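The structure appears right after this line, and notes come after that.
There are 2 protein chains.
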Amino acid sequence: MKKYNVAVVGATGVVGRKMTEVLQERKIPVENFYPMASKKSAGSKVEFNGKQWTVEELTENSFNKDIDFALFSAGGSTSEKYAPIAAENNVVVIDNSSAWRMDKNVPLVVPEVNAEAALKHNGIIANPNCSTIQAVVALKPIYDNYGIKRIIYSTYQSVSGSGLKGIKDLEEGIKGCEPEFYPVQIAFNCIPHIDVFFENGYSKEELKMINETQKIFDDYDIKITATTVRVPVYYAHSESINVETKKPFDIKDIFRTYDEMKGVVLMDDLDNLIYPTPVEAAGSDEVYVGRIRRDFSIENGLNMWVVADNVRKGAATNAVQIAEYLISQGEFDK
Amino acid sequence: MKKYNVAVVGATGVVGRKMTEVLQERKIPVENFYPMASKKSAGSKVEFNGKQWTVEELTENSFNKDIDFALFSAGGSTSEKYAPIAAENNVVVIDNSSAWRMDKNVPLVVPEVNAEAALKHNGIIANPNCSTIQAVVALKPIYDNYGIKRIIYSTYQSVSGSGLKGIKDLEEGIKGCEPEFYPVQIAFNCIPHIDVFFENGYSKEELKMINETQKIFDDYDIKITATTVRVPVYYAHSESINVETKKPFDIKDIFRTYDEMKGVVLMDDLDNLIYPTPVEAAGSDEVYVGRIRRDFSIENGLNMWVVADNVRKGAATNAVQIAEYLISQGEFDK
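Chains as they are written, first to last, in the working numbering: chain H, 1227 to 1560; chain B, 1227 to 1560.
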């Protein structure tokens, strides 16, 4: 079996570490492993497949070697600078930052939804925003079977979405310490503020969910709005999703579809108090769907509650799944 | 100045204690104070206006004395049994349980919205569900100025809404203890389950928000759906509210209206990261409104984020405000 040379850029961050873990868990055949990070983390060690690998400093020369693909999770400005350098060196970049997502020449890929789009890359493939990924996986069969007219997202996002700083603010916050990263206390609080705000009153996270959903479905007629909120949860984002479909649906068919769908775990048995929660979904690569019910306020309305581990399916796992798809398509055998 | 004889039924619970506190804070002129509770709490003491009052056991004879009004917060079955007994004894009951809310002969009152309805009582006035109260206060000017076609509620509700047991589950849960009240861990989790579930997939809390909103506005044409979720917050509920108005609006007018509205605190200055959070709203009698912005997915769409202390405005304060209104209308002077 062919083995691949793989880099993880931002290897010491929350998502970078998880990428390394998921590459191993999913048994991606790796020959050489190149963990990379900024100068301050260079020299530290990362374990991968039972071996210690030294983190190298990311520089303009980092990709002057035989690397098949690089998973980037090192922030927008790093991706803006280094992803094109990697691509020029024939390294396929799967980038977790928001830098390239809306670029017309960069596919934005969730394998369950639009895997084939990945093949149209020009060296860079973007991994969508965490809250978008889990939403579109859940919405995919609805879109295919009934069409989607409008979506209203309200999110309940965990602190790991902010990286180690967010996790620390919650850990210290429950002991009564002041926040160092969030502008207000996150412990025992909800903060309706994720990423920066724009003139129109939306946060960047909200606009990401709107724009990325349209791009992934390649359908700019879907009407979407969003309210994104940080909650005192360590891992896994939850979403209250309200959907208006184009065609009528039978709610039992929707249950049946999710029950059979790969990548989705249906947890919806209210008699036995079965519904998804972030604690349940944390540590899993699947998207959990529950509280599925008709929205009686419009003709073709549907409510659901969608939960997934934001560091796994919302970031690391989705990136690795894109790599798996490329491997399955012989992308690196050329 | 006339003074009133006041009972608090369920005086030792989270809401009952707060009712006592709020009666005092708002300087309701009280002559005799009668804290009542179940047998197991009878005999304990409650401080009110600098005096210790003995909690008496609630019995069928508890209202055989000169009481002007009784604030009930002792659960549905207690209200079902004792509110009519109190009413027969000419005690005006302001009941915080869900027992009487949808009864056609019982007004459901939020003073900022439909104070006058209180005057049509037949001895019992219902205090709405906590999550409904804060929503309708925020929606009132929207309803009056533009009409409301449809509402989509997604809530972020604090554990104090479940009383002392909910608070304890969070306090102990962050230390790693198993939950005793909630079916799953609430610490660092979100539970899309408040009150019991019905056949149609909705929780009772969700149906309360739908039905009570219509009753308070006395408008059964408003289309409403809801997803209600418990979050690891001690005090104050938050709500992501999406509204479709009948008439077009100017977003600046909405800001101006909230800025001037009694009972509402407008916190919406994104340049300075000003938005409401539960920690900010806790301990206050007001409804906090922020993140107000146009929902571009429909013609007349509006998103907002509404936060209020569920034990205060969502329960105790609203009940006391109903009493204040009745006093102002000379209800007990007859």
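Even for Gly, the Cβ is constructed at its ideal location relative to N, Cα and C. Here the structure is a predicted model, which means the values were calculated and not measured.
*Examine chain B for any beta-carbon lying closer than 8 Å to the beta-carbon of PHE1414/H, and answer yes or no.*
Your numbering for residue 1414/H matches position 188 in the first sequence. PHE1414/H counts as touching chain B.
*ASN1378/B touches chain H at which residues, Cβ-Cβ below 7 Å?*
Reading the second sequence from its first residue, position 152 is the one you call residue 1378/B. Residue identity differs from the one stated: residue 1378/B is Ile in this sequence, not Asn. Within 7 Å of the CB of ILE1378/B, the CB atoms of chain H belong to ILE1378 and ASN1468, in sequence order along the chain.
*Mapping DSSP to helix, strand and coil, what is LEU1499/H?*
What you label residue 1499/H is simply residue 273 of the first sequence in a count that begins at 1. DSSP places LEU1499/H outside both helix and strand once states are collapsed to three, so it counts as coil.
*Contact set between LYS1449/H and chain B, taken where Cβ atoms lie within less than 7 Å*: Counting from one through the first sequence, the residue named residue 1449/H turns up at place 223. LYS1449/H reaches chain B at SER1523 and ILE1524, counting residues in chain order whose Cβ is nearer than 7 Å.
*Beta-carbon gap between GLY1387/H and ASN1544/H smaller than 8 Å*: Position 161 of the first sequence, counting from 1, holds the residue named residue 1387/H. Position 318 of the first sequence, counting from 1, holds the residue named residue 1544/H. Between GLY1387/H and ASN1544/H, the C-beta gap is not smaller than 8 Å, which leaves the two residues out of contact.
*Output yes or no for whether 8 Å exceeds the beta carbon distance between ALA1364/H and VAL1532/H.*
If you number the first sequence from 1, residue 1364/H lands on position 138. If you number the first sequence from 1, residue 1532/H lands on position 306. The answer is yes: Cβ separation under 8 Å.
*asked:* I'd like to check one pair, GLY1302/H with SER1270/H: are the Cβ atoms closer than 8 Å?
replied: What you label residue 1270/H is simply residue 44 of the first sequence in a count that begins at 1. What you label residue 1302/H is simply residue 76 of the first sequence in a count that begins at 1. The Cβ-Cβ distance between SER1270/H and GLY1302/H does not fall below 8 Å.
_alpha helix (DSSP H) runs contained entirely in the stretch 1428 to 1491 of chain H, provided each spans 4 or more residues_ = Within the stretch 1428 to 1491 of chain H, the alpha helix (DSSP H) runs of at least 4 residues that lie entirely inside it are, in chain order, 1430 to 1443 and 1477 to 1486.
*Is the stretch 1446 to 1454 of chain H close to the stretch 1406 to 1413 of chain H, with three or more CB pairs under 8 Å?*
The stretch 1446 to 1454 of chain H vs the stretch 1406 to 1413 of chain H: no contact.
*Going by C-alpha distance, which of LYS1253/B, VAL1240/B, LEU1249/B and GLY1276/B is nearest ILE1263/B?*
One-based indexing of the second sequence puts residue 1263/B at position 37. A quick correction: the sequence has Ala, not Ile, at residue 1263/B. Nearest option by C-alpha distance: VAL1240/B.
*Does any C-beta atom of chain H lie closer than 8 Å to the C-beta of SER1357/B?*
Working through the second sequence from its first residue, we reach residue 1357/B at position 131. Not closer than 8 Å to any Cβ of chain H, the Cβ of SER1357/B fails to qualify, so no.
*Name the residues in the stretch 1358 to 1370 of chain H whose C-beta lies less than 8 Å from a C-beta of chain B; which are they?*
Listed in sequence order: no entries.
*asked:* Output needed in chain order: residues of the stretch 1455 to 1466 of chain B with a Cβ under 8 Å from some Cβ in chain H.
replied: Residues VAL1455, VAL1457, PRO1458, VAL1459, TYR1460, SER1464 and SER1466.
*Report yes or no: do three or more beta-carbon pairs, one from the stretch 1458 to 1473 of chain H and one from the stretch 1368 to 1379 of chain H, lie closer than 8 Å?*
Under the Cβ criterion (8 Å, minimum of three pairs), the stretch 1458 to 1473 of chain H counts as touching the stretch 1368 to 1379 of chain H.
*Is the number of C-beta pairs between the stretch 1510 to 1517 of chain B and the stretch 1436 to 1443 of chain H that are closer than 8 Å three or more?*
The stretch 1510 to 1517 of chain B is not in contact with the stretch 1436 to 1443 of chain H.
_Taking 8 Å as the threshold (C-beta atoms), are LEU1345/B and GLN1555/B in contact?_
The residue you call residue 1555/B lines up with position 329 of the second sequence. The residue you call residue 1345/B lines up with position 119 of the second sequence. With respect to LEU1345/B, GLN1555/B sits close: the two C-beta atoms are nearer than 8 Å.
*Among ASP1292/B, GLY1236/B and GLY1242/B, nearest to LYS1229/B - alpha-carbon criterion*: Counted from its first residue, the second sequence places residue 1229/B at position 3. Nearest option by C-alpha distance: ASP1292/B.
*Mind checking which residues open and close the alpha helix (DSSP H) that includes THR1543/H?*
Taking the first residue of the first sequence as position 1, residue 1543/H is located at position 317. First-last of the alpha helix (DSSP H) with THR1543/H: 1543 to 1554.
*Nearest-angstrom Cα distance between ASP1476/B and ASP1521/B?*
For the purposes of this step, residue 1476/B is identified with residue 250 of the second sequence, where counting begins at 1. For the purposes of this step, residue 1521/B is identified with residue 295 of the second sequence, where counting begins at 1. C-alpha separation (whole angstroms): 12 Å.
*From GLY1359/B to GLY1540/B, what distance separates their C-alpha atoms?*
Working through the second sequence from its first residue, we reach residue 1359/B at position 133. Working through the second sequence from its first residue, we reach residue 1540/B at position 314. Position check: residue 1359/B holds Ile in this sequence, whereas Gly was assumed. ILE1359/B and GLY1540/B have their C-alpha atoms spaced approximately 6 Å apart.
*What does a CB cutoff of less than 7 Å around CYS1356/H pick up in its chain, not counting 5 residues either side in sequence?*
Translated into the one-based positions of the first sequence, residue 1356/H becomes position 130. So the qualifying residues of the chain are GLY1387, HIS1463, ASN1536, GLY1540 and ALA1541.
*Excluding the 5 residues preceding and the 5 following ARG1327/B in the sequence, name in chain order all residues of the same chain whose CB lies nearer than 7 Å to its CB.*
Taking the first residue of the second sequence as position 1, residue 1327/B is located at position 101. Annotation for ARG1327/B: LEU1334, ALA1352, PRO1354 and GLU1438 place their beta carbon closer than 7 Å to its own, counting only its chain and skipping 5 residues before and after.
*With a cut-off of 8 Å on the beta carbons, I'd call GLU1562/B and VAL1318/B a contact; round off their distance for me.*
This structure cannot settle anything about residue 1562/B, because the visible part of chain B is limited to 1227 through 1560.
*Is the beta carbon of TYR1408/H less than 8 Å from the beta carbon of ASP1421/H?*
Sequence index remark: in the first sequence, residue 1408/H carries index 182 (1-based). Sequence index remark: in the first sequence, residue 1421/H carries index 195 (1-based). One thing to note: TYR1408/H has its Cβ no nearer than 8 Å to the Cβ of ASP1421/H.
*Go through its chain and collect everything with a Cβ distance to GLY1489/B's Cβ below 7 Å, but skip five positions before and after it.*
As a first step, residue 1489/B is located in the second sequence; it is residue number 263 there, counting from the start. So the list reads GLU1338, VAL1363, GLU1512 and VAL1513, once near-sequence residues are dropped.
*Neighbour list for PHE1423/H in chain B, Cβ cutoff strictly below 7 Å*: The residue labelled residue 1423/H in the question sits at position 197 within the first sequence. Close to PHE1423/H, with beta-carbon spacing below 7 Å, are these residues of chain B in chain order: LEU1496.
_Neighbouring residues, chain B, relative to LEU1499/H (Cβ below 9 Å)_ = On the first sequence, residue 1499/H is found 273 positions in, with the first residue counted as 1. Result: PRO1409, VAL1410, HIS1419 and PHE1423.
*How long is the line joining the alpha carbons of ASN1526/B and LYS1478/B, rounded to whole angstroms?*
Residue numbering aside, residue 1526/B sits at position 300 when the second sequence is read from its first letter. Residue numbering aside, residue 1478/B sits at position 252 when the second sequence is read from its first letter. Their backbone Cα atoms lie some 14 Å apart in a straight line.
*asked:* Taking the beta carbon of ARG1482/H as the centre, do at least 16 other beta carbons fall within 10 Å, making it buried, or is it exposed?
replied: By 1-based counting over the first sequence, the position of residue 1482/H is 256. The C-beta of ARG1482/H has fewer than 16 other C-beta atoms within 10 Å across all chains shown, which makes the residue exposed.
*Would TYR1230/H count as contacting chain B if we go by Cβ distances under 8 Å?*
Position 4 of the first sequence, counted from the first residue, corresponds to residue 1230/H. Not a single C-beta of chain B is nearer than 8 Å to the C-beta of TYR1230/H.
*Which listed residue (MET1493/B, ILE1368/B and GLY1392/B) has its alpha carbon closest to that of LEU1528/B*: Against the second sequence, residue 1528/B aligns to sequence position 302. Minimum Cα-Cα distance from LEU1528/B among the listed residues MET1493/B, ILE1368/B and GLY1392/B corresponds to ILE1368/B.
*Since TYR1260/H contacts GLU1282/H with CB under 8 Å, what's their CB separation in whole angstroms?*
Here residue 1260/H is taken as the residue at index 34 of the first sequence, counted from 1. Here residue 1282/H is taken as the residue at index 56 of the first sequence, counted from 1. TYR1260/H to GLU1282/H, Cβ: 7 Å. Contact.
*Are any of the Cβ atoms in chain H nearer than 8 Å to that of ASN1536/B?*
In the second sequence, counting from the first residue as 1, residue 1536/B sits at position 310. No, ASN1536/B does not count as interfacial toward chain H.
*Please compile the residues from chain H whose C-beta is within a distance smaller than 9 Å of the C-beta of PRO1504/B.*
Residue 1504/B sits at position 278 when you count from the first residue of the second sequence. Neighbours of PRO1504/B on chain H, chain order: PHE1414, ASN1415 and CYS1416.
*Collapsed DSSP secondary structure at LYS1401/B in the structure displayed*: Here the question's residue 1401/B lines up with position 175 in the second sequence. DSSP places LYS1401/B in coil when its eight states are reduced to three.
*Residues that GLY1301/B contacts on chain H, provided the C-beta gap is smaller than 9 Å*: Along the second sequence, one-based indexing puts residue 1301/B at 75. Residues of chain H passing the Cβ test: none, with the nearest at roughly 21 Å.
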